[in-house]
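FYI, the numbering for the sequence shown is 47 to 148, going by the numbering used here.
We treat Cβ as the ideally placed atom computed from N, Cα and C, and that holds for glycine.
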Amino acid sequence: MEDSDWRSANFRQKLVSQIEEAMRKAGVAHTKTSKEMENHVFMKAKTRDEYLSLVARLIIHFRDIHNKKSLASVSGKEPLFFVPFLCRDASPQGLFSLRRQV
């Protein structure tokens, strides 16, 4: 029954692991550890729902960072990938003629 209690060490550790994974995927340096962040949220929350909501917002924040970084790296490659499709002639001569027109 300990796992179902939001205040239990096992329940909290599962959420620490999820926060840590989200932080790792975001790939940015942080001044606090996942345990410190979870503890801050835990101390702030008055109910199980509030606790889970705050943890979810934290994880979503890190996922947003990860997604923005992923989009930035992809968008940097897209123009090169799509150039042949934008040209009338995908041959090297067609690419050069497009450059001269621009």
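The alpha helix (DSSP H) enclosing residue i, as first and last residue numbers
| i | result |
| --- | --- |
| ALA72 | 55-72 |
| HIS76 | Per DSSP, HIS76 belongs to no alpha helix (DSSP H) and is neither H nor E. |
Nearest-angstrom Cβ-Cβ length linking residue i and residue j, presumed shorter than 8 Å
| i | j | result |
| --- | --- | --- |
| ILE111 | GLN64 | With 8 Å as the limit, ILE111 and GLN64 do not qualify as a contact, their Cβ atoms being about 15 Å apart. |
| ARG109 | ALA75 | Contact doesn't hold; Cβ gap of about 17 Å is too wide. |
| LYS115 | GLY73 | 7 Å |
| SER80 | GLU66 | 4 Å |
| ARG58 | GLU82 | Rounded, the Cβ-Cβ distance is 12 Å, inconsistent with contact. |
Residue i (DSSP reduced to helix, strand or coil)
| i | result |
| --- | --- |
| LYS90 | helix |
| ASP95 | helix |
| ASP110 | helix |
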